[in-house]
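**Q** Numbering (the numbering used here), first residue to last: 67 to 225.
Shown below is the structure under consideration.
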């Protein structure tokens with residue numbers, strides 16, 4: 067009976083190859099993270115992955131309203147005279163994105179840059195009643211044509 071013995075160098079090479087293969091297998095089983103959206107006020111920033119995202123494909127019509135109504139997990143405090151900076155990953159900007167306030171579209175045309183600044187005062191008046199509010203749920207919504215492809219939520223809490 068013959069037993070094949072590997073030299074020390076070959077054993078280490080085989081072990082390294084096995085470890086690399088196992089690492090790739092583990093990584094291929096992971097979900098790809100969604101693009102990030104960020105809100106910055108002064109020196110404080112919060113970022114989040116999408117609440118709803120279908121790998122860049124359109125979100126099903128039946129899911130959109132439920133997605134828009136989800137509560138934000140990330141919150142940031144703002145004063146009425148603050149400027150709020152919104153930032154998105156380049157792939158979101160490429161498709162275009164728009165702001166929703168309280169689940170309602172706040173602007174008609176999608177924005178195609180990765181960064182923009184909006185005064186905080188724009189978010190604390192109810193669009194339907196015109197009454198002031200102490201908080202607002204703001205959603206960044208990625209669009210592709212007329213389809214929604216991603217939704218990110220933030221809660222703005224007034225000082």
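Beta carbons are placed, not taken as given, at the ideal position from N, Cα and C, and that holds for glycine.
1. Pick helix, strand or coil for residue 156, following the three-state DSSP scheme.
2. Kindly list the residues whose CB is nearer than 7 Å to the CB of residue 179, restricted to its own chain and excluding five residues on each side of it in sequence; keep chain order.
3. Considering residue 224, what are the terminal residues of the beta strand (DSSP E) in which it resides?
4. With DSSP as the reference, label residue 166 as helix, strand or coil.
5. Residues in its own chain within less than 8 Å of residue 149 by CB, not counting five upstream and five downstream?
6. Our contact map puts residue 100 next to residue 116 with C-beta atoms below 8 Å; I'd like the distance itself, whole angstroms only.
7. Is it buried or exposed, residue 203, if we count other Cβ atoms within 10 angstroms and call 16 or more buried?
8. Would residue 137 pass as a contact of residue 221 if the rule is Cβ separation under 9 Å?
9. Determine the direct distance from the alpha carbon of residue 168 to that of residue 313, and round the result to whole angstroms.
10. Starting from the C-beta of residue 175, find all residues in its chain whose C-beta is less than 6 Å away, skip the five residues before and the five after it, and write them out in chain order.
11. Does residue 223 pass the burial test, meaning 16 or more other C-beta atoms within 10 Å, or should it be called exposed?
12. Do residue 164 and residue 170 have their beta-carbon atoms positioned less than 9 Å apart in this structure?
13. Kindly identify the DSSP beta-bridge partner or partners of residue 120.
14. Can you check whether the CB of residue 205 is closer than 9 Å to the CB of residue 217?
15. Since residue 209 and residue 161 are thought to touch, with beta carbons under 8 Å apart, how far apart are those beta carbons, to the nearest angstrom?
**A** So, from the data block:
1. Residue 156: helix per DSSP, three-state reduction.
2. Only 159 meet the Cβ criterion.
3. Residues 213-224.
4. In the structure shown, residue 166 falls within a strand segment according to DSSP collapsed to helix, strand and coil.
5. Close CB contacts of residue 149 within its chain, under the 8 Å cut and outside five residues either way in sequence, are with 107, 183, 184, 185 and 186 (chain order).
6. So it is a contact: roughly 4 Å between Cβ atoms.
7. Answer is buried; the Cβ neighbour count reaches 16.
8. Against a cut-off of 9 Å, the Cβ pair of residue 221 and residue 137 comes out as a contact.
9. With the chain covering 67 to 225 only, the question about residue 313 has no answer from this structure.
10. The beta carbon of residue 175 sits closer than 6 Å to no other beta carbon from its chain once the five residues preceding and following it are set aside.
11. The residue is exposed, with fewer than 16 neighbouring Cβ atoms inside 10 Å.
12. Going by beta carbons, residue 170 and residue 164 fall outside the 9 Å limit.
13. In the DSSP assignment, residue 120 is bridged to 123.
14. Contact annotation: residue 217 and residue 205 have beta-carbon atoms nearer than 9 Å.
15. Contact between residue 209 and residue 161 is confirmed by a C-beta separation of about 6 Å, below the 8 Å threshold.
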